[in-house]
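Protein sequences, first through last, are from chains A and B. Residue 179 in my numbering sits at position 119 of the first sequence, with consecutive numbering throughout. Residue 605 in my numbering sits at position 95 of the second sequence, with consecutive numbering throughout.
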Amino acid sequence: MSSTKQYKSIGDDLWKSRTDKINAELFTMAYGSLVVQLIQDYEDYAEVNKQLEKMGYNIGIRLIEDFLARSSLGKCADFREVGEVVAKVGFKSFLNITPIVHHHPAPTPAGGVGPSTTTPRSSLLPSQNAAAQAQTHSMPGASFVLTIDENPLAEFVELPDTALPTTAPEGSTAGAPNQTGLWYSNILCGVLRGALEMVQMQCEVVFLSDTLRGDETTEIRVKLVRYLEEEVPVGDD
Amino acid sequence: MSLVALSNPVSAQIDGALFDYFLVETVNTLRQSSAVATRRQKELEDEMAKANLLPQAPNQRIQVQDTEDEALKLRLEGIGAQVGASLVERLVKDRPRFTDTLDSVKFICKDVWTAVWEKQVDNLRTNHRGVYVLQDNSFRPLLRISSPNGASDAVTKARIYLAFHAGVLRGALSRLGLQGTVVPEVTNLPQCVFQIKLPKS
């Protein structure tokens, strides 16, 4: 397993070797105008979130090919490594930013460490606990959280009051992000979901917080739902 | 932090391939969203027609397909215009004003083209009466478009992608004080032509 320093330098090298770079402002402006247009067309923030995610998914399934072709990285040993590669190599080589990554192993049957998730307790026998502990970073339910400091998409962006989240109702699930309102950079969630799906990992990718909405940080959580078997791809819906 | 460093910020960059994929998906996403918006508009018109609020007869409506393509083109051009306008604002910051329209168009051919597509326009023609034809022999966004149905089909499909870029030019021109129309045309990939019509200076 490569050390984090190695991934950082791989990411830096990939970024430097890219010949085809453009001014980030083009992207920021185009994305901003797109979001405005989608809001005008759909008139529903939840729907806009969905469309942005879907658009990101379509980009992600192509982007991963580009990424794999340019980097010479092999298969990741576990989900923890996936998080490292995504943050230090993936984001760096496309957006020239390196989010901070925090890993959360899957909760063990003994109710071990990690944030509360809705994954059902696995039915491992007690004798398999030791092996399970060692593998919690690969088990479905493992997740990592990316904390983004400078989001190129959101530069100079301010959300109108109507796009901000309404207060969460009483009794909402602890740790579940408030999903009302607009997640401006939701395209990123789709890109991650699409890219990871193409390398046989079905993941749930959601925003936990966004500085545009008044939160202190911008965080994306990527949670492994299950590994996918190789199968014939289904046609586009 | 020295004041000089503050005045000339290093512009952030992102990968060009990402932007290419993004534009392709923008077209698809806007195609859907414009269909939704057009449908909503039609339903509203239908309701109003039923309540006899609309003066015209329903059978005067344009064919659905044309409207949707038009709506998509408008949206792409609008987004392009925003991008072009803000781009030009940044590029002309430290330059003296342009003396005449031809100078402005030349600026577009050189600086704007380079800022967005990393090269200059290959050919600029004008009739000195407000019509300018800009020709690019290997337009970057068109370099990798192909269609399984042959070259002519690829050309037809490529047209819609030019709407965004035409919008960039229109937005750039408007920020230079020139209101005009930009019509893109492509006959054989990757060569394309932008015809700009400006009012006489």
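The C-beta atom is built at its ideal place from N, Cα and C for all residues, glycine as well.
Is there a Cβ of chain A sitting closer than 8 Å to that of residue i, yes or no?
i: S524 of chain B; result: As written in the sequence, residue 524 of chain B is Ile, which differs from the Ser given in the question. So yes, I524 of chain B belongs to the interface.
i: N538 of chain B; result: yes
i: L554 of chain B; result: no
i: G588 of chain B; result: yes
i: A676 of chain B; result: no
i: V713 of chain B; result: This structure cannot speak to residue 713 of chain B, because chain B is shown only from 511 to 711.
Between residue i and the rest of its own chain, which residues show a CB-CB distance below 6 Å, the 5 nearest in sequence each way excluded?
i: T277 of chain A; result: T207 and S269
i: D530 of chain B; result: none
i: H197 of chain A; result: D138, F139, R140 and P165
i: I706 of chain B; result: Y642, G690 and V692
i: R635 of chain B; result: V643
i: Y117 of chain A; result: G250, R253 and G254
Between the C-alpha atoms of residue i and residue j, what's the straight-line distance to the nearest angstrom?
i: W627 of chain B; j: V703 of chain B; result: 14 Å
i: R607 of chain B; j: P694 of chain B; result: 27 Å
i: S203 of chain A; j: V282 of chain A; result: 5 Å
i: W623 of chain B; j: E125 of chain A; result: 29 Å
i: R650 of chain B; j: L284 of chain A; result: 38 Å
i: D663 of chain B; j: L672 of chain B; result: 15 Å
i: A625 of chain B; j: L582 of chain B; result: 25 Å
i: Q300 of chain A; j: L288 of chain A; result: No answer is possible for residue 300 of chain A: the residues shown for chain A start at 61 and end at 297.
i: A87 of chain A; j: D556 of chain B; result: The sequence given here places Phe at residue 87 of chain A; Ala does not occur at that position. Their Cα atoms are separated by approximately 38 Å.
i: A234 of chain A; j: V266 of chain A; result: For A234 of chain A, the predicted structure reports a pLDDT of 45, less than 50, and the residue's modelled location is therefore unreliable. A value from the coordinates is still provided. Taking the straight line joining both Cα atoms gives about 15 Å.
i: S153 of chain A; j: A527 of chain B; result: 11 Å
i: H163 of chain A; j: E215 of chain A; result: 27 Å
i: V615 of chain B; j: P709 of chain B; result: 13 Å
i: K110 of chain A; j: C263 of chain A; result: 16 Å
i: Y255 of chain A; j: D275 of chain A; result: Rather than Tyr, the amino acid found at residue 255 of chain A in this sequence is Ala. Taking the straight line from one Cα to the other gives about 27 Å.
i: T168 of chain A; j: P200 of chain A; result: 11 Å
i: R550 of chain B; j: A147 of chain A; result: 41 Å
i: V108 of chain A; j: V95 of chain A; result: 8 Å
i: E144 of chain A; j: W75 of chain A; result: 16 Å
Apart from the five residues on each side of it in sequence, which residues of its chain come closer than 7 Å, Cβ to Cβ, to residue i?
i: G681 of chain B; result: G590, A591, Q592, V593, G594 and A595
i: E210 of chain A; result: I157
i: K225 of chain A; result: The question names Lys, yet the displayed sequence has Pro at residue 225 of chain A. Closer than 7 Å at Cβ, skipping near neighbours: N238, T240, G241 and R273.
i: M258 of chain A; result: I121 and I124
i: G588 of chain B; result: G677
i: A668 of chain B; result: L652, I655, V696 and L699
i: V217 of chain A; result: G92, Y244 and L272
Applying a beta-carbon distance threshold of less than 8 Å, which residues of chain A neighbour residue i?
i: R521 of chain B; result: The question names Arg, yet the displayed sequence has Ser at residue 521 of chain B. Near S521 of chain B (Cβ distances below 8 Å), the residues of chain A are N83, A84 and E85.
i: S596 of chain B; result: E85 and M89
Under 8 Å between C-beta atoms, does residue i make it to chain B?
i: N246 of chain A; result: no
i: D73 of chain A; result: no
i: R122 of chain A; result: yes
i: G174 of chain A; result: The pLDDT assigned to G174 of chain A is 42, lower than 50, so where the model puts this residue is not dependable; a value taken from the coordinates is nonetheless given after this. Taking Cβ atoms only, chain B never reaches closer than 8 Å to G174 of chain A, which makes this a no.
i: A129 of chain A; result: no
i: L219 of chain A; result: no
i: S93 of chain A; result: yes
i: P159 of chain A; result: no
i: P212 of chain A; result: yes
i: Q193 of chain A; result: The predicted model places Q193 of chain A with a pLDDT of 46, which falls under 50 and marks its position as unreliable, so this point remains unresolved.
In this structure, how does DSSP classify residue i when only helix, strand and coil are distinguished?
i: N156 of chain A; result: coil
i: K620 of chain B; result: helix
i: S521 of chain B; result: coil
i: Q551 of chain B; result: helix
i: Q689 of chain B; result: coil
i: D138 of chain A; result: coil
i: T539 of chain B; result: helix
i: P220 of chain A; result: coil
i: Y244 of chain A; result: coil
i: A202 of chain A; result: strand
i: N118 of chain A; result: helix
i: P212 of chain A; result: helix
i: L699 of chain B; result: coil
i: E587 of chain B; result: helix
i: D604 of chain B; result: coil
Which residues of chain B have a Cβ atom closer than 7 Å to the Cβ of residue i, listed in chain order?
i: Q111 of chain A; result: T539 and S543
i: I119 of chain A; result: Y531, F532 and E535
i: L252 of chain A; result: Correct list: empty, because the minimum Cβ distance to chain B is about 13 Å.
i: F154 of chain A; result: I524, D525 and L528
i: R78 of chain A; result: D525
List the residues of chain A that residue i touches, going by C-beta distances under 9 Å, in chain order.
i: F617 of chain B; result: Within chain A, no residue comes near F617 of chain B; the closest Cβ sits about 17 Å away, beyond 9 Å.
i: A625 of chain B; result: I82, N83 and L86
Interface residues of chain A around residue i at Cβ under 7 Å?
i: A668 of chain B; result: Result: empty, since nearest Cβ-Cβ is about 18 Å, beyond 7 Å.
i: R585 of chain B; result: Q97
Which chain B residues sit within Cβ distance under 9 Å of residue i?
i: D126 of chain A; result: D525, A527, L528 and Y531
i: S115 of chain A; result: It should be noted that the sequence gives Met, not Ser, for residue 115 of chain A. Those are F532, E535, T536, N538 and T539, listed as they occur along chain B.
Here's a check: name, in chain order, each residue in its chain whose Cβ is nearer than 8 Å to the Cβ of residue i, leaving out the five neighbours to either side.
i: V537 of chain B; result: L582, L586, I670, Y671 and F674
i: N647 of chain B; result: D632, N633, P700 and Q701
i: A547 of chain B; result: A581
Mind pulling the chain E residues with CB within less than 7 Å of residue i?
i: A547 of chain B; result: Among the chains of the structure shown, chain E does not appear; the protein chains present are A and B.
Nearer than 7 Å: is that true of the beta carbon of residue i relative to any heavy atom of the ligand GDP?
i: L528 of chain B; result: Ligands are entirely absent from the displayed structure, and the ligand GDP is therefore not among its contents.
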